[in-house]
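Written out below as structure tokens is the structure these notes cover.
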């Protein structure tokens, strides 16, 4: 039987390990200095290299010809571990061997010295699945093991491990793989396998894998085994094989919800179901699509709608995970959301119909009661600034690159106003409303410059132009209120309460 790709390309040394640089640095020093711990907990998401690193450590501890922190992968010890035939490297799956008897046997055997190598290594996968009795059986052994024994406990749920066990081990956190790391690794595999694949395919797989290198390789293998080797694999091929959809479909469903197209939503749902599309995968893609394009949505009401759709999609993923009829849940939830959005929009339009009357009335009062001068320069400047900020924003390619590698910087930019000048300068306006976003942008100014240099653009981080104007207006209102004569104070207060956004100036008719 042909060996699977994720086993064929499983790293055999630390230098071959994709990502997890902090893991490499940690064991590079401890293995060379022979100062490793007797018990580790490898905690992190699935497919991030926990068992792989455990095997590399087992090889390095037993290797006959180690090269600094790396095993040679050529001696009898390394070959036996690679072939899973080494007597002193014991791998256990705690999901299927979770009882007290299994771990009493371990407790009884650890005292015996290694039979084949220099160090006994116990690799226990999914250790959080053990029963309390099983944990108690090895508790003392973990605290005071013999010098020739090392325990490596791997888990995706460290919070389920008892504190008594955690306190006796060193916890090593494994992180999700970045999109770029996965893409580079997949490109290496396809080159060695002799396939030609478009870059869009790697990007789609990397995002679909959600940080798991193993899941990404499995998805890649599914495509490579399905399509001929002499053809260039395109994104349309992967969508067909993996049951995905292109971005146009996400735009369609958002438009249907926005316009409350009831029949179209039902037909769209049935089409997804009949074509075998995975609804969880579709909703995941819809959330990513909204987050990527929300900054380009200028209208606040549409931004609110898109965020609502993303939130509803996140809730639906949990609902349909174990449902036999995900298409029904999908249709009902989005039909309900579209109806609610339509009702809210109608109420908003009704409210806005009354606003012009108030505006006209306010203008008349200003002309009759307060014919004094206004701060027209400041008002005009504010309007020009707002218009400029609405007309310019970061393009999708810039945001896409920032989001894929630095999510906190991406979110910070969403909260701050960005303006691109005709000279190609990106201006990011800081303000007091989002100080945390200001801090993120300032700390990562160099990263921003590197991003924008690729697009031949420069960056300037400046103070928000509108903030001083708001402060000036507030100060002017305060000074003006202090000058209001007592005899017209009551009338002024009533007018200000009725028309809070209007400028009311008191003028002495005798002047």
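In our numbering, the protein residues as written are 749 to 1259.
Built from N, CA and C at the ideal position, the CB exists for glycine as well.
The model shown is predicted, which means the values in this text are computed figures rather than measured ones.
- Task: Spell out whether any CB of chain B is found under 8 angstroms from the CB atom of residue 1171.
- Result: Any reference to chain B falls outside this structure, which holds one protein chain only.
- Have a look at residue 710 and residue 753 and give me their C-alpha separation to the nearest angstrom. Limits of the chain in this structure are 749 at one end and 1259 at the other, which puts residue 710 out of reach.
- With DSSP run on the structure shown, which of helix, strand or coil describes residue 925? In the chain shown, residue 925 corresponds to position 177, counting from 1. DSSP places residue 925 in coil when its eight states are reduced to three.
- How long is the line joining the alpha carbons of residue 1108 and residue 1083, rounded to whole angstroms? The residue you call residue 1108 lines up with position 360 of the chain shown. The residue you call residue 1083 lines up with position 335 of the chain shown. Bear in mind that the predicted position of residue 1108 carries a pLDDT of just 44, short of 50, making it unreliable; the figure below should be weighed with that in mind. Straight-line Cα distance between these residues: approximately 39 angstroms.
- Cross-strand partners of residue 840 (DSSP beta bridge): As a working mapping, residue 840 is identified with position 92 in the chain shown. DSSP lists 872 as partners of residue 840.
- Message: Counting C-beta neighbours from all protein chains within 10 Å, is the total for residue 974 16 or more, i.e. buried, or is it exposed?
- Response: Here residue 974 refers to the residue found at position 226 when the chain shown is read from its first residue. With fewer than 16 other Cβ atoms within 10 Å, it is exposed.
- Query: What does residue 1077 pair with, by DSSP beta-bridge criteria?
  - Reply: Taking the first residue of the chain shown as position 1, residue 1077 is located at position 329. Note: residue 1077 sits in no beta bridge, so no partner.
- By the 10 Å Cβ neighbour count, where 16 or more other Cβ atoms means buried, how is residue 998 classified, buried or exposed? As a first step, residue 998 is located in the chain shown; it is residue number 250 there, counting from the start. A buried status is given to residue 998, since no fewer than 16 other beta-carbon atoms sit within 10 Å of its beta-carbon.
- Counting pairs of beta carbons, one from the segment 931-939 and one from the segment 815-834, are three or more of them closer than 8 angstroms? no
- Query: Just curious, the beta strand (DSSP E) that residue 1013 is in, first and last residue?
  - Reply: What you label residue 1013 is simply residue 265 of the chain shown in a count that begins at 1. From DSSP, residue 1013 is part of no beta strand (DSSP E) but of the alpha helix (DSSP H) over 1010-1022.
- Message: Three or more C-beta pairs under 8 angstroms: does that hold for the segment 805-816 against the segment 763-774?
- Response: Contact between the segment 805-816 and the segment 763-774 is not established, with fewer than three Cβ pairs separated by less than 8 angstroms.
- Query: Where in the segment 773-811 do unbroken runs of the alpha helix (DSSP H), each at least 4 residues long, occur, reported from the N-terminal end onward?
  - Reply: 798-810
- Task: Report yes if the CB atom of residue 1193 is closer than 8 angstroms to the CB atom of residue 1209, and no otherwise.
- Result: As a working mapping, residue 1193 is identified with position 445 in the chain shown. As a working mapping, residue 1209 is identified with position 461 in the chain shown. Against a cut-off of 8 angstroms, the Cβ pair of residue 1209 and residue 1193 comes out as a contact.
- Message: Looking at residue 865: is its Cβ nearer than 8 angstroms to the Cβ of residue 810?
- Response: Counting from 1 along the chain shown, the entry for residue 865 is found at position 117. Counting from 1 along the chain shown, the entry for residue 810 is found at position 62. Taking C-beta atoms as the reference points, residue 865 and residue 810 count as a pair closer than 8 angstroms.
- Message: Does the contact criterion of 3 or more C-beta pairs under 8 angstroms hold for the segment 1024-1040 versus the segment 965-980?
- Response: no
- Item | Residue of 912, 1159, 1078, 788 minimising C-alpha distance to residue 1017 | As a working note, residue 1017 is residue 269 in the chain shown. Closest by alpha carbon: 1078.
- Give the DSSP-derived three-state secondary structure of residue 897 in the structure shown. By one-based count along the chain shown, residue 897 stands at place 149. Note: residue 897 maps to strand in three-state DSSP.
- Mind checking whether residue 986 and residue 952 have CB atoms under 8 angstroms apart? As a position in the chain shown, residue 986 is number 238, starting the count at 1. As a position in the chain shown, residue 952 is number 204, starting the count at 1. Their beta carbons are under 8 angstroms apart, which means residue 986 touches residue 952 by this criterion.
- Query: What residue does the alpha helix (DSSP H) around residue 1176 start on, and which one ends it?
  - Reply: Along the chain shown, read from residue 1 onward, the residue named residue 1176 stands at position 428. Per DSSP, residue 1176 lies in no alpha helix (DSSP H) segment; the continuous beta strand (DSSP E) that holds it begins and ends at 1173-1178.
- Query: Using a Cβ-Cβ cut-off of 6 angstroms (strictly less than) and excluding sequence neighbours within five positions of residue 840, which residues of its own chain qualify?
  - Reply: One-based indexing of the chain shown puts residue 840 at position 92. Result list for residue 840: 872, in chain order.
- Query: Going by alpha carbons, who is nearest to residue 1162 out of 915, 1153, 1186, 1169?
  - Reply: For the purposes of this step, residue 1162 is taken as residue 414 along the chain shown, with counting starting at 1. Among 915, 1153, 1186, 1169, the Cα nearest to that of residue 1162 belongs to 1186.
- Is residue 910 closer than 8 angstroms to residue 858 when the C-beta atoms are compared? Taking the first residue of the chain shown as position 1, residue 858 is located at position 110. Taking the first residue of the chain shown as position 1, residue 910 is located at position 162. Cβ distance not < 8 angstroms, so residue 858 and residue 910 don't count as in contact.
- Going by CA-CA distance only, name the one from 869, 757, 1076, 892 that's closest to residue 806. Translated into positions along the chain shown, residue 806 becomes position 58. The shortest Cα separation from residue 806 among 869, 757, 1076, 892 belongs to 869.
- Distance between residue 1030 and residue 1239 (C-alpha atoms, nearest Å): Within the chain shown, numbered from 1, the residue matching residue 1239 stands at position 491. Within the chain shown, numbered from 1, the residue matching residue 1030 stands at position 282. One C-alpha to the other measures close to 59 angstroms.
- Using CA coordinates, which residue listed in 1074, 1159, 1085 is at the minimum distance from residue 1010? On the chain shown, residue 1010 is found 262 positions in, with the first residue counted as 1. With distances taken between Cα atoms, residue 1010 lies closest to 1085.
- Message: Tell me the rounded alpha-carbon separation between residue 1133 and residue 1178.
- Response: Locating residue 1133 in the chain shown gives position 385, counting from the first residue. Locating residue 1178 in the chain shown gives position 430, counting from the first residue. For residue 1133, the pLDDT reaches just 35, beneath the cut-off of 50, and the residue's location in the model is therefore unreliable, although a value from the coordinates is still provided. One alpha carbon belongs to residue 1133, the other to residue 1178, and they sit about 14 angstroms apart.
- residue 907 versus 1003, 789, 761, residue with shortest Cα-Cα distance: Taking the chain shown and counting its residues from 1, one reaches residue 907 at position 159. Residue 789 is the option with its Cα nearest to residue 907.
- Message: Considering only DSSP beta bridges, list what residue 1169 is partnered with.
- Response: Counted from its first residue, the chain shown places residue 1169 at position 421. In the DSSP output, where bridge partners are listed per residue, residue 1169 has none listed.
- Message: Measuring only from the beta carbon, is residue 1055 closer than 7 angstroms to any heavy atom that is part of the ligand MG?
- Response: Among the ligands in the structure shown, none appear at all, so the ligand MG cannot be discussed.
- Message: Please report the distance separating the alpha-carbon of residue 972 from that of residue 781.
- Response: Sequence index remark: in the chain shown, residue 972 carries index 224 (1-based). Sequence index remark: in the chain shown, residue 781 carries index 33 (1-based). The straight-line gap from Cα to Cα measures roughly 43 angstroms.
- Query: Could you give the residue range of the beta strand (DSSP E) that holds residue 1206?
  - Reply: Walking along the chain shown from the start, residue 1206 turns up at place 458. 1206-1211 is the span of the beta strand (DSSP E), which, as asked, contains residue 1206.
- Query: Going along the chain, which residues of its own chain have a beta-carbon closer than 7 angstroms to the beta-carbon of residue 861, five neighbours each way excluded?
  - Reply: Here the question's residue 861 lines up with position 113 in the chain shown. Excluding sequence neighbours, residue 861 sits near 896.
- Query: Which one of 982, 1088, 881, 795 has the shortest CA to CA distance from residue 966?
  - Reply: Here residue 966 is taken as the residue at index 218 of the chain shown, counted from 1. Checking every option, the nearest Cα to that of residue 966 belongs to 795.
- Span of the alpha helix (DSSP H) around residue 884: On the chain shown, position 136 is the one that residue 884 refers to. For residue 884, the enclosing alpha helix (DSSP H) begins and ends at 880-891.
- Item | 8 angstroms Cβ cutoff met for residue 945 and residue 981 | Translated into positions along the chain shown, residue 945 becomes position 197. Translated into positions along the chain shown, residue 981 becomes position 233. Closer than 8 angstroms, so yes.
- Hey, residue 1004 and residue 961 are a contact pair by Cβ (cut 8 angstroms); roughly how many whole angstroms apart? Locating residue 1004 in the chain shown gives position 256, counting from the first residue. Locating residue 961 in the chain shown gives position 213, counting from the first residue. Actually they do not touch by this definition, with Cβ atoms about 36 angstroms apart.
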